[in-house]
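Peer 1: I am attaching a structure below and will ask some questions about it afterwards.
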Amino acid sequence: GILASLLVRVCCNKGPSANLFHLTLVITATVCCWMMWAIVYLAQMNPLIVPILSEE
Numbered sequence: 027g028i029l030a031s032l033l034v035r036v037c038c039n040k041g042p043s044a045n046l047f048h049l050t051l052v053i054t055a056t057v058c059c060w061m062m063w064a065i066v067y068l069a070q071m072n073p074l075i076v077p078i079l080s081e082e
């Protein structure tokens, strides 16, 4: 997230409204990636499908 916001500041410097828009997109993308990671991690703790163990 920090690297992406620095890259946006350096590459897309076209006024205050454009900077705010790009910074908002970077923050939103960072939060969405973090939430996706958290959901996938937490879903592994309590799986919906239970493995069937064989009697062998």
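Numbering (the numbering used here), first residue to last: 27 to 82. For every residue, glycine included, the Cβ atom is placed at its ideal position computed from N, Cα and C. Just so you know, these numbers come straight off a predicted model, no measurement behind them.
Rounded to whole angstroms, what's the CA-CA distance from ASN72 to ILE65? Just pull it up for me.
Peer 2: Rounded to whole angstroms, ASN72 to ILE65 spans 11 Å at the Cα level.
Peer 1: Are the CB atoms of THR50 and ALA30 within a distance shorter than 9 Å?
Peer 2: No, Cβ-Cβ distance for ALA30 and THR50 is not below 9 Å.
Peer 1: Would you identify the three-state DSSP class for LEU79, choosing helix, strand or coil?
Peer 2: Note: LEU79 maps to coil in three-state DSSP.
Peer 1: Going by other Cβ atoms of all chains shown within 10 Å of its Cβ, with 16 needed for buried, is VAL36 buried or exposed?
Peer 2: Exposed, because fewer than 16 other Cβ atoms sit within 10 Å of the Cβ of VAL36.
Peer 1: Between the beta-carbon of VAL76 and the beta-carbon of VAL52, is there less than 9 Å?
Peer 2: In this structure, VAL52 does not lie closer than 9 Å to VAL76 by Cβ.
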